[in-house]
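**Student:** Input: one structure, supplied below.
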Amino acid sequence: MVDDTMETQMVFFACSKISVVAFESLWRDNNGHQLWVDAGVLTEKETALLRSTGALVTNFAGHARAGDAGEMACAVAVIQEHHPAEPIWIEAM
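Below is the structure:
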């Protein structure tokens, strides 16, 4: 039996500021979502501001171009190591 009262928590991997904005919109409805941001997408100040709202933000140390399947697979593997039981949303272009 599925408990419909529990909200699914997801990990979002954003490779652009557009995806970060999409995450923020969804995060307002479910603060359990977490964000991983590709290198160079946000400045330190932007990351700090997002964290100040209570959002859980991780900076991805590598760089994964959204159009490169190999790089994205490597990035997802790293995220899965940290969040093995959670679904991962990835940006596709």
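Numbering-wise, the sequence shown is residues 325 to 417 according to the working numbering.
Cβ atoms here follow ideal geometry from the backbone N, Cα and C, with glycine treated the same way.
Computed from a predicted model, the values in this text were never measured in an experiment.
#1: Rounded to the nearest angstrom, what separates asparagine 354 and serine 340 at their Cα positions?
#2: Quick one: give me the first and last residue of the beta strand (DSSP E) that alanine 338 is part of.
#3: State yes or no: is the C-beta of alanine 379 within less than 7 Å of the C-beta of tryptophan 351?
#4: With DSSP run on the structure shown, which of helix, strand or coil describes valine 361?
#5: Roughly how many angstroms lie between the CA atoms of lysine 369 and alanine 409, to the nearest whole one?
**Tutor:** Put simply:
#1: As a working note, residue 354 is residue 30 in the sequence shown. As a working note, residue 340 is residue 16 in the sequence shown. Each residue's alpha carbon lies about 21 Å from the other.
#2: Here residue 338 refers to the residue found at position 14 of the sequence shown. DSSP places alanine 338 inside the beta strand (DSSP E), whose first and last residues are 335-338.
#3: The sequence position of residue 379 within the sequence shown is 55, counting from 1. The sequence position of residue 351 within the sequence shown is 27, counting from 1. Taking the C-beta atoms as reference points, tryptophan 351 is found nearer than 7 Å to alanine 379.
#4: Within the sequence shown, the letter at position 37 stands for residue 361. DSSP places valine 361 in strand when its eight states are reduced to three.
#5: Taking the sequence shown and counting its residues from 1, one reaches residue 369 at position 45. Taking the sequence shown and counting its residues from 1, one reaches residue 409 at position 85. If I take the Cα positions, the gap works out to 31 Å.
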